[in-house]
Amino acid sequence: MYAYDELDRTLINERVSEFRDQVKRRLSGELTEDEFKILRLQNGVYLQLHAYMFRVAIPYGTLSSKQMRRFAHVARRYDRGYGHFTTRQNIQFNWIKLAELPDALAELADVGIHAMQTSGNNMRNVTSDQWAGVAPGEVEDPRIWSEILRQHTTLHPEFSFLPRKFKIAITASEHDRAAIKIHDIGLRLHKNADGETGFEVLVGGGLGRTPFIAKTIKAFVHGRDILSYVEAILRVYNQYGRRDNIYKARIKILVHELGIEKFAKEVDEEWKLMGDVGLTLDHSAIEEVRSRFSYPAYEKLPHMPDELKQAAADPLFERWRKNSVAPHKVQGYSIVTLSLKPVGGPPGDATADQMDAVADLADKYSFGEIRVGHEQNLALPHVAKRDLPQLWRALDRLGLATPNVNLVTDIIACPGLDYCSLANARSIPIAQELTRRFANHDTADMIGRLHINISGCINACGHHHVGHIGILGVEKNGEEFYQITIGGRADENAQMGVLIGPAVPYAEVADVIEDIVEAYLALRDRPEELFVDTVKRLGVEPFKERVYATR
Amino acid sequence: MTSPLEQKKIRITGPSVVTANRTWDGAVVYRTADRGWSTALADAAIVGTSDDARALLAEGVADDVGAVGAYIAPVEVKEGGVVKPGNLREHIRSKGLTIDLLPA
Ligand code: HEM
Ligand code: SF4
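Here the protein sequences come in this chain order: C and U. Take the first sequence: its letters are residues 1 to 551, numbered as in the UniProt record's numbering. Take the second sequence: its letters are residues 1 to 104, numbered as in the UniProt record's numbering.
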C-alpha cells in the first residue's frame with residue numbers, strides 16, 4: 001500500500017472545496033455549461049446519455065479495503081448500487097447527480113481518493129501492472145515510478161493543458177500486463193549490462209481513430225533521469241503537437257508524421273538542451289517514495305500446504321485454482337484474480353455489496369489490499385495458499401469465482417450505446433450474449449486463451465484493435481453493425497487485428513464469433529496453439545471464408 | 001448513431017422533439033410547449049418543420065441553467081398520438097438500459 005503525505009491530503013481537500021464552489025455557481029446559473037465543462041472534466045465528470053458519469057482514479061490499480069468500502073458507499077448512497085471498473089485503473093459511477101457530486105468527492109477524499117486528471121487534456125492516471133510488487137521475477141516494483149511520475153505531473157501546468165490527453169503505463173515484468181505498447185508513453189523497467197535499473201522508453205502508441213503501436217525511442221534511460229526524459233518528450237510534443245485538429249492531436253500522430261528516428265532525435269536534443277533542470281532524481285528522493293510503499297509481513301509458509309492438497313480433490317476448486325490463481329514472489333502465497341465477468345453480466349461491473357464483500361475478504365486474506373487490472377478484473381495480491389479453498393468458497397457465493405480469466409468470456413467491453421453519448425452501437429449486450437454462448441467452462445477451457453474486446457465506436461475504449469477478436473460498433477442507416485478483426489494483441493508482442501470482412505448486424509455477431517472459434521478449433525495444429533498463433537500462422541483467409549461463405 | 005452533439009445544419013424529416021440532460025442531476029428531459037422541461041417524452045412539444053425545430057431548440061439552448069446539451073431528436077407519433085423515440089439511441093435515453101444490471 002502507499003501512504004499519502006500531508007501535501008497530498010491538503011491538495012485533495014482543497015480540490016473538493018473548489019469543486020463544491022464551482023458546482024454551486026453552475027447550478028445558480030453564474031457559470032454557463034461552456035464555462036463549467038472544463039472544470040467538471042478536470043474532476044472526472046462527463047455527461048453521458050442518461051446522466052453524469054464520474055470517473056475516479058485508482059493509482060496504479062492499488063486499493064485498500066477501506067477505499068473499496070468507500071466505493072461501495074458512494075455507489076449505494078449517490079449512485080444506483082454499482083460501479084464500473086475500467087481498462088485504465090479507474091472506477092466509473094454512471095448515475096451521479098451533479099448537485100451531489102461535491103459530497104461524493106468529499107467522501108472519497110477522506111480516504112485519499114480523487115478524480116483529478118481522469119479526463120481532459122492532461123496527464124492521466126499513470127497505470128501499471130496489477131501484479132506490481134508481487135509478481136515473481138519482477139525487476140522492481142513499478143509503482144514506485146508510477147508514483148514519482150504521478151507526483152511530478154499532477155496539476156503541473158506544463159502537463160495540464162496538453163494538445164490532447166496523455167497516458168503513461170509502466171511494467172517491470174517480462175510479460176506486459178499493463179499494455180504499455182498502446183500508451184502515449186510506455187515504460188519498461190529493466191536492468192542494463194551494469195546492473196543499473198532504468199527504462200526502455202516507448203512512445204506513440206494509442207488506439208482510437210488512428211491506431212498505432214508504440215515504438216522504442218531509447219533502449220535505456222537511467223531511473224534517476226526518467227523525469228527529465230519524460231519532460232523532454234512532453235516539451236517536443238507541446239511544441240509540435242497538432243492543437244489545431246483534435247483528430248491529429250495525440251502524440252502518436254506526431255511520432256508518425258515525424259518518423260520515430262526524427263522524433264527520437266528531437267527528444268534527445270531537447271533533453272541535452274534542457275541540461276540539469278532540477279529533475280534528476282537523487283537516491284534519497286527515490287528511496288523516500290519507495291519507503292511509502294509498505295509490504296505485508298509475510299509468514300514463512302510451505303509451498304504446498306495440506307489445505308491445498310485436500311482441496312485438490314474437488315474438481316470445481318481445481319478448475320478455479322488453475323484458472324484464477326497465479327504464483328507469488330513469496331513462497332506459500334498466491335495472487336488471486338477475481339473475475340468481474342460472470343456469465344450474462346456486464347463486464348467490469350461490481351455491485352456495492354460485492355465491493356464491501358471484497359473489502360472484507362481482502363482484510364481476512366490479503367492484508368487489506370486489492371488490485372484493479374486493465375482487463376477489468378480485480379485481484380487479491382497476497383493470499384496465503386492455505387486460505388485458497390476458503391477464499392474460493394466465499395468468492396463463489398459472491399459470484400466472483402467465475403473460472404474464466406483470460407478465456408473467451410473474460411471480455412473487455414466499453415459502456416457503448418447503453419451509456420455513452422458518443423456510441424454508434426451497444427457493447428454490453430453483445431458481451432453478455434457471448435458469455436452465454438460460451439457459458440460452458442469446459443468448452444472455454446478447451447478453447448484456451450482468447451481475448452475478445454468490444455468498443456461501441458472508433459474511440460476504442462474497449463481496445464478492440466488489440467483484441468484477439470475485436471468487435472467495433474458502427475452505424476449503417478441507423479442500424480447497429482459490427483466490424484470484426486482478428487489477430488490483435490495487447491501484450492509485449494502488441495499488434496493490431498485485421499478486419500475479416502464487411503460489418504455484420506447486431507443479431508449475427510454472436511453467431512459470427514462462434515463460427516470464428518469453431519474455425520480455430522478445426523484449424524489449430526495442436527490444443528496448445530493459441531487462437532492468436534493460429535491466426536498468425538494461417539492469416540485471416542480461412543476465418544473469413546468460414547464466416548462469409550454462408551452469409 | 002452519429003452523435004447528435006455533432007448536429008450542424010438543422011433539417012428535420014419528420015416529427016421531432018428537443019431533448020437535453022437536466023443540469024442538476026443529468027436526467028433525460030424533453031422541452032415542453034410551456035417552456036419547461038419534462039422527463040416524460042409524452043409531455044414533449046412536437047415540431048414538424050425545420051423552422052419550428054430551430055425555434056424550439058434555440059429556446060431550449062437558452063435555458064442553460066435548466067438543462068444542458070440540447071439537440072433535436074426524431075420521434076414517431078403512433079395512432080392515438082402516442083409518441084415513441086425515433087431511433088435506438090433515443091429509445092435507450094427514454095427507456096433506460098437495454099441490459100440487465102446483474103448477471104442473469
Ligand atoms: C462517458 C464515457 C466515455 C467517453 C465519453 C469516452 C470518450 C473517449 C474518447 C473520445 C476517446 C478517444 C480519445 C482520443 O483518441 O484522443 C477515448 C479513449 C479511451 N477510452 Fe474512453 N470514453 C468513455 C468511457 C470509457 C470507459 C468506460 C473506458 C474503460 C472501460 C474507457 C477507456 C478508454 C481508453 C483506454 C481509451 C484510449 C484508447 C486509445 O489509446 O486511444 N473510456 N474515450
Ligand atoms: S468506445 Fe466509443 S462508445 Fe465506447 S465508451 Fe468509448 S466513446 Fe463510448
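We put the CB at the ideal spot given by N, CA and C, even for glycine. A quick note: this is a predicted structure, and the numbers were derived from the prediction, not measured.
Taking the beta carbon of P315 (chain C) as reference, no residue of chain U falls within 7 Å; the closest one sits roughly 22 Å away. Cβ-Cβ distances below 6 Å link H374 (chain C) to T87 and A179 in the same chain, with the five nearest sequence neighbours on each side left out; the list follows chain order. Of all residues in the stretch 64-95 of chain U, the ones placed with a Cβ closer than 8 Å to any Cβ belonging to chain C are D64, V65, V68, G69, N87, L88, R89, I92 and R93, in chain order. Checking the DSSP bridge columns, you'll see H222 (chain C) partnered with C:G198. Against V29 (chain U), chain C offers no close residue; the least beta-carbon distance is about 11 Å (beta-carbon pairs closer than 9 Å). Using a CB distance cut-off of 8 Å, P346 (chain C) counts as an interface residue toward chain U. Interface criterion not met: the Cβ of E14 (chain C) is under 8 Å from no Cβ in chain U. In the assembly as shown, T280 (chain C) is an exposed residue. Its beta-carbon has fewer than 16 other beta-carbons within 10 Å. For S16 (chain U) against I72 (chain U), the beta-carbon gap comes to about 5 Å, under 8 Å, which counts as contact. In this structure, the CA atom of P142 (chain C) is about 12 Å from the CA atom of E174 (chain C). According to DSSP, K84 (chain U) shares a beta bridge with U:E76.
Taking C-alpha positions only, I148 (chain C) is separated from I286 (chain C) by approximately 8 Å.
In the structure shown, Y78 (chain C) adopts helical secondary structure according to DSSP, grouped into three states. Between the alpha carbons of G259 (chain C) and F212 (chain C) lies a distance of about 12 Å. Note on geometry: alpha-carbon atoms of T337 (chain C) and L57 (chain U) lie some 50 Å from one another. For I12 (chain U), not one C-beta of chain C is nearer than 8 Å to its own C-beta.
Using a Cβ distance threshold of 8 Å, V498 (chain C) and G487 (chain C) count as a contacting pair. According to the DSSP assignment, I370 (chain C) belongs to the beta strand (DSSP E) that extends over E369 to V372.
Using a CB distance below 7 Å, the part of the stretch 77-103 of chain C facing chain U consists of Y82, K97, L98 and A99, ordered along the chain.
Secondary structure note for E257 (chain C): its alpha helix (DSSP H) is the uninterrupted segment I251 to L258. Proximity of chain U to Q432 (chain C) at the Cβ level (cut-off 7 Å) is accounted for by I99, in chain order. Here D184 (chain C) is actually not in contact with I170 (chain C); their C-beta atoms are around 13 Å apart, not less than 8 Å. The shortest C-alpha to C-alpha distance from R69 (chain C) to any of C:P542, C:A394, C:E369 and C:Q151 is the one to C:E369.
Around the C-beta of A507 (chain C), fewer than 16 other C-beta atoms lie within 10 Å, and the residue is accordingly described as exposed. Each residue's CA atom was taken as its position, placing D314 (chain C) and E196 (chain C) some 46 Å apart. For W37 (chain U), no chain C residue has a C-beta closer than 8 Å to its own C-beta; the minimum C-beta separation is roughly 14 Å. Between K341 (chain C) and N404 (chain C) a beta carbon distance of about 6 Å is seen, short of the 8 Å cut, so the two are scored as contacting. Of the heavy atoms belonging to ligand 2, at least one sits nearer than 7 Å to the Cβ of S427 (chain C).
Remark: the shortest separation between the CB of P415 (chain C) and any heavy atom of ligand 2 falls under 7 Å.
In summary, I516 (chain C) is buried, with 16 or more beta-carbon neighbours lying within 10 Å of its beta-carbon over all protein chains present. Taking CB atoms only, H441 (chain C) has no neighbour in chain U less than 8 Å away. Taken through DSSP and simplified to helix, strand or coil, N238 (chain C) comes out as helix. The stretch 72-84 of chain U makes contact with the stretch 17-26 of chain U; the number of CB pairs closer than 8 Å reaches 3 or more.
Between ligand 2 and the CB of A503 (chain C), the shortest heavy atom gap is not smaller than 7 Å.
Taking a C-beta distance under 8 Å as the contact criterion, F54 (chain C) and L101 (chain C) qualify as a contact pair.
Between P346 (chain C) and I99 (chain U) the beta-carbon gap is near 6 Å, inside 8 Å, which marks them as a contact.
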